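Quick note on the numbering used here: the sequence shown kicks off at 8 and runs consecutively.
Glycine included, every Cβ here is placed at the ideal spot set by N, Cα and C.
These figures come from a predicted structure and were not determined experimentally.
Scroll down for the structure; my scribbles are underneath it.
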Amino acid sequence: MKWLRVACLLALLAVQPPASAEPAEPTGPSATGGQQVLLFLLLPQEHYRPESAYSGGYGDGPAHGARRRVAAALAREHGLVLVTDWALPLLGVDCFVMNVPGDQELERVAEALSRDPRVAWAQPMNVFRARGHDDPMFTLQPAAQAWHLEDLHEISTGRNVRVAVIDSRVDVHHPDLEGQVALNENFVNGRGELPEDHGTAVAGVIAARADNRVGIVGVAPDARLLALRACWQESSQSTLCTSLSLAMALHFAITHDADVINLSLSGPRDRLLDRLLDAALSRNISVIGAFDRRAPDGGFPASHAGVVAVTDESRESALPGVLVAPGRDVLASLPGGRWNLVSGSSFATAHVAGLFALMRERAPAHGAPPALASVVSFPGGSVDACATLARVAGSETCVRTMTRSSTSPNVRQ
8 MKWLRVACLL ALLAVQPPAS AEPAEPTGPS ATGGQQVLLF LLLPQEHYRP
58 ESAYSGGYGD GPAHGARRRV AAALAREHGL VLVTDWALPL LGVDCFVMNV
108 PGDQELERVA EALSRDPRVA WAQPMNVFRA RGHDDPMFTL QPAAQAWHLE
158 DLHEISTGRN VRVAVIDSRV DVHHPDLEGQ VALNENFVNG RGELPEDHGT
208 AVAGVIAARA DNRVGIVGVA PDARLLALRA CWQESSQSTL CTSLSLAMAL
258 HFAITHDADV INLSLSGPRD RLLDRLLDAA LSRNISVIGA FDRRAPDGGF
308 PASHAGVVAV TDESRESALP GVLVAPGRDV LASLPGGRWN LVSGSSFATA
358 HVAGLFALMR ERAPAHGAPP ALASVVSFPG GSVDACATLA RVAGSETCVR
408 TMTRSSTSPN VRQ
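Structure follows, in structure tokens:
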């Protein structure tokens, strides 16, 4: 029977293109259709309540109109075009998006705006990317190391834990994701409405339905997904996001009670996203980010203090503070009721986001949320998921998994 299951899987994959994704450095602001700068003006003190989400008529009063007039004046002074604006009450600022002519250097424009006393700060509109690669023998490579999900699910299934997937559009009607998505929001305009590969695959790794007689099982099958589209698929090998779209999704996740935020992407350090990540972490939200091996510091947001950085098994050895999780030859959901093997740190990140959902279900209700120090790993950095969950839950159920390995796990202190 085993050979029959393998043959059926290969037949399934033979009619589908191989897929993979990992974070990559951005190609530049032009990926958004033109270079843009973000300008931030402070909200009046009475409107800034960092401890809670803002409510109560923001954007409709004369104060907002006055700030927009200031932004319009700044745009004229610097030869820019004011496009739109957006409130970030968590940070106490208004964000104004401005187009920058092609003959102006983006960094210099942002620096000039930042020197104006009316401005909190200004920055380029950065671009982030999750990118895949093709391999004609991809579907024949060995499967990723198992995490013994049956053992994990004896302890926890992530019930009622809210996981925000900030990514491209998720296929919420996929057989493995039907009923798994609590909220489905779009922060990308003019990029089509069809489900997209990367977000659907990441969502499936985290929370694909269990016991539905089809497809796969997610790491946390009873978690509730917040499918927040902040990225868009330009081609089968290119998925892009911007500072603004990611910020809008992060702001939404924070104000809608996400417990875990998955960021399977990478790009340059970004002041706006830095501040929103700090806001998330200060609210005890677990943030999981993809480690970018091409970037000297592992890329952003993985390099942000407090974010749990994750890579796949393709690294020869783990770096301090970077978790290694299954990310090679992972069977994942794709739009249109399909499945395929995928690879990349994007999917390793999704595994750890699912693990954190399992941990949060079993963590003490009034204790500190699970953190990097909660994770048990083998020498080389590979996560021992069963030992980690058993440690958090105070259970012996999964300890037997540890004995299958010839090496002893490392416990982070």
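- Under the criterion of beta carbons closer than 8 Å, L280 and L247 do not qualify as touching, at roughly 15 Å.
- DSSP lists V44 as the bridge partner or partners of P131.
- If you compare the alpha carbons of L184, L98, S121 with that of L341, the shortest gap goes to L184.
- Note on geometry: alpha-carbon atoms of L49 and L348 lie some 47 Å from one another.
- Counting of Cβ neighbours within 10 angstroms places S273 among the buried residues, the total reaching 16 or more.
- Counting along the chain, R335 sits inside no alpha helix (DSSP H), nor does DSSP assign it H or E at all.
- The residue from P51, S389, S289, D204 with its alpha-carbon nearest to that of G343 is D204.
- Sequence-distant Cβ neighbours of V77 in its own chain, meaning closer than 8 Å and more than five residues away, are L48, R125.
- DSSP places I268 inside the beta strand (DSSP E), whose first and last residues are 267–270.
- With respect to the 8 Å criterion, V359 and S381 are not classified as neighbours on the basis of their beta carbons.
- Within the segment 267–296, the runs of alpha helix (DSSP H) at least 4 residues long that lie entirely inside it are, in chain order, 278–289.
- Per DSSP, C393 lies in no beta strand (DSSP E) segment; the continuous alpha helix (DSSP H) that holds it begins and ends at 392–400.
- Closest in alpha carbon position to T249, among E241, S242, F259, A237, is A237.
- Taking C-beta separations shorter than 7 Å and ignoring five residues to either side along the sequence, the partners of V107 in its chain run Q42, Q43, V44, L87, L113, V116, following chain order.
- Taking a C-beta distance under 8 Å as the contact criterion, D266 and R166 do not qualify as a contact pair.
- Residue nearest to S353 within the set V315, R282, F194 is V315 (criterion: CA-CA distance).
- Only residues of its own chain outside the window of five on either side were considered, and among them R236, W239, S252 have a CB closer than 6 Å to the CB of V195, listed in chain order.
- A straight-line Cα-Cα distance of about 21 Å links R169 and W154.
- With contacts defined as CB atoms closer than 8 Å, A357 and S271 qualify as a contacting pair.
- In terms of Cα proximity to H258, the closest of A309, I173, I162 is I173.
- Only exposed fits R220, as fewer than 16 other CB atoms lie within 10 angstroms of its CB.
- The alpha carbon of P327 has as its nearest neighbour, out of L338, A339, P333, G305, the alpha carbon of G305.
- In the three-state DSSP reduction, I213 falls in the helix class (H, G or I).
- Spatial neighbours of V224 in its own chain (CB-CB distance under 7 Å, excluding positions within 5 residues in sequence) are listed in chain order as L156, A215, A217.
- Annotated as proximal: D319 and G334, with beta-carbon spacing under 8 Å.
- DSSP, read as helix, strand or coil, puts L201 in coil.
- Between P377 and S293, the CB-CB gap stays under 8 Å.
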